[in-house]
Amino acid sequence: MSQDLKLDYLLIDNQPEMSDDNLMGLSLADITVLMMQLDAYDFQRSAVLLEVIEQFQTAQTWLVPTLVLPEIEMSSIQHKLEETYQQPVAGVLYLSEEMVRLASEGVFCLHYPTHSLTQMMIAIAHQLEQASQAFTSLPDGQSTKGKLGRSRKRPLLNLLEFPRLERRVLTAVLRQGPINLDQLIEQSGHSSEEVMTAIEHLIQQGWIVQDPTTQVVRYRTENTPD
Numbered sequence: 554m555s556q557d558l559k560l561d562y563l564l565i566d567n568q569p570e571m572s573d574d575n576l577m578g579l580s581l582a583d584i585t586v587l588m589m590q591l592d593a594y595d596f597q598r599s600a601v602l603l604e605v606i607e608q609f610q611t612a613q614t615w616l617v618p619t620l621v622l623p624e625i626e627m628s629s630i631q632h633k634l635e636e637t638y639q640q641p642v643a644g645v646l647y648l649s650e651e652m653v654r655l656a657s658e659g660v661f662c663l664h665y666p667t668h669s670l671t672q673m674m675i676a677i678a679h680q681l682e683q684a685s686q687a688f689t690s691l692p693d694g695q696s697t698k699g700k701l702g703r704s705r706k707r708p709l710l711n712l713l714e715f716p717r718l719e720r721r722v723l724t725a726v727l728r729q730g731p732i733n734l735d736q737l738i739e740q741s742g743h744s745s746e747e748v749m750t751a752i753e754h755l756i757q758q759g760w761i762v763q764d765p766t767t768q769v770v771r772y773r774t775e776n777t778p779d
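For reference, each letter of the sequence shown is one residue, going 554 to 779 in the working numbering.
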């Protein structure tokens, strides 16, 4: 597509979930920029997505925290995220009153060309531009993709072959945090038996855990006991 349309860059904007389309987009990407907010649910989602991205052997992955409160120092955020995920932070996008006032009625960078948020976006764009130069010397039709590796913790490659319902259940847990079984069944649109089967498979794969007393389902972190 880039060749036929003579594109310098092809940017694909995906939602942070494991739908079929998103998984395909991640598998094709040479560079990934993972936008995230600094809350517990996004920390969980980002951990899972980064593990999936690792399976695709993406050449470069960056983290970009967004809607960050102005009083939080950039160096503190950068250190925390890079220490947690072992991935570089391309920049920090702070919450801006000007952005809120604009209310999507224009392009922020054009309205506020000297704003610190605009300057940060430019800095991130420059990093993407520099990284893309690594691909320009490759022969036509080639990318940096190699063979898919194996997860160090969970069989992530199997996730790509999971039935749609299992991916939907996992996405719901990641989006909403700990969630009651009845809520999962209601949101899925499937029978309780089908949802329970999906949950059991995800538990076996080490993705989630379920409290036997409350029936609450939650994402399994490294510190979650067996």
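Note that CB positions come from ideal geometry on N, CA and C, so glycine has one too.
- Within the DSSP bridge table, the entry for residue 614 names 585 as partners.
- Fewer than three pairs of CB atoms, one per stretch, sit closer than 8 Å, so the segment 650 to 661 makes no contact with the segment 580 to 595.
- Taking each of 578, 556 and 637 in turn and checking the Cα distance to residue 565, the smallest one comes out for 578.
- With respect to residue 623, residue 647 sits close: the two C-beta atoms are nearer than 8 Å.
- In this chain, residue 748 is not harboured by any beta strand (DSSP E); it is covered by the alpha helix (DSSP H) spanning 745 to 757.
- Between residue 611 and residue 583, the beta carbon gap of about 7 Å places them in contact (Cβ cut-off 8 Å).
- Where residue 640 is concerned, there is no enclosing beta strand (DSSP E), because DSSP gives it neither an H nor an E.
- Residue 643 and residue 616 do touch by the CB rule: their CB atoms are close to 7 Å apart, below 8 Å.
- In chain order, 732, 737 and 740 place their CB closer than 7 Å to the CB of residue 725, counting only its own chain and leaving out the 5 sequence neighbours on each side.
- For residue 736, there is no enclosing beta strand (DSSP E); the enclosing alpha helix (DSSP H) has its first and last residue at 734 to 741.
- If you compare the alpha carbons of 640, 568, 754 and 627 with that of residue 714, the shortest gap goes to 754.
- For residue 653, the uninterrupted alpha helix (DSSP H) run begins and ends at 650 to 655, by DSSP.
- By the C-beta density criterion, residue 735 is exposed, having fewer than 16 other C-beta atoms within 10 angstroms.
- Selection 632, 766 and 639 evaluated against residue 599 yields 639 as nearest (Cα-Cα).
- By the CB criterion at 8 Å, residue 668 and residue 650 fall outside the cutoff.
- Here the alpha carbons of residue 663 and residue 751 stand approximately 48 Å from one another.
- If you draw a straight line from the Cα of residue 628 to the Cα of residue 674, it comes to about 17 Å.
- Residue 660 carries a coil assignment under DSSP once its states are collapsed to helix, strand and coil.
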